[in-house]
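Residues 778 to 931 in the numbering used here are what the sequence shown lists, from first letter to last. From the three backbone atoms N, C-alpha and C, an ideal C-beta is built for every residue, glycine too. Only one structure is covered here, and it is reproduced in the block below.
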Amino acid sequence: MVNIVPFQPQHRDAFERLNLAWITRHWEPEFKDFQVLGDPHKHIIAHGGYIAMALKDDNAVGCCALIRQDAACFELAKMAVEESVRGQGIGWALAHHVIDRARSQGAERVFLESNTVLTPAINLYRKLGFKVVTGPPSPYERANVQMELTLASR
């Protein structure tokens, strides 16, 4: 059983480890990666963002962040699931959790940047209702696709 919980300071190392695992599989980490992963509280939470951690037997096996862009928009970022537990619905659960969180915070949309080489992630985003959009230039060299989900009011 996996539990989705809010980020706590003791999760910082796992947040960094999980994200560096997928980043370094295809790319070199960028300066912005080191900033955000090195101090997620300062770069995400302190600005109205949120990080969800997926715990299995009290071990962090996944994570997903919401970075506040403005009052109406969050960026879904730094989503990662440990390779050994992929295919168990953890990414789906994390994504739903943070999308519900964005909605509860009054967001009208959730935006993300990714790379088309990450086929399972792109497929997940499409299943969640994200559509490809053209947004402002990305701070990440590896980003070659931007997607957005419009949140319906409940």
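- Under the three-state reduction of DSSP output, Thr893 falls in the coil class, being neither helix nor strand.
- The beta carbon of Cys841 sits closer than 6 Å to those of Ala829, Met856, Leu871, Val875, all from its chain and outside the five residues before and after it, given in chain order.
- Rounded to whole angstroms, the Cβ separation of Val858 and Asn892 is 16 Å, and the two are not in contact under 8 Å.
- For the set Gln865, Gly826, Glu890, the Cα lying nearest the Cα of Gly912 is the one of Glu890.
- Secondary structure remark: continuous beta strand (DSSP E) runs of at least 3 residues inside the segment 857-912, in chain order: 886-891, 908-910.
- Residues of the same chain with a CB within less than 8 Å of the CB of Glu885, apart from the 5 flanking positions on each side, are Ala849, Cys850, Thr927, Leu928 in chain order.
- Looking at the DSSP output, Ala791 sits in no beta bridge, so it has no partner there.
- In this chain, the alpha helix (DSSP H) harbouring Pro817 covers 817-820.
- In this structure, Glu918 sits away from Glu793, with a CB-CB distance that is not shorter than 8 Å.
- Distances from the alpha-carbon of Asn780 to those of Ala823, Lys908, Gly839, Ser881 put Gly839 closest.
- Distance from the Cα of Gln865 is smallest, within the candidate group Leu843, Leu795, Ala831, for Ala831.
- When the beta-carbon positions are compared, Ala837 and Ile844 stay at least 8 Å from each other.
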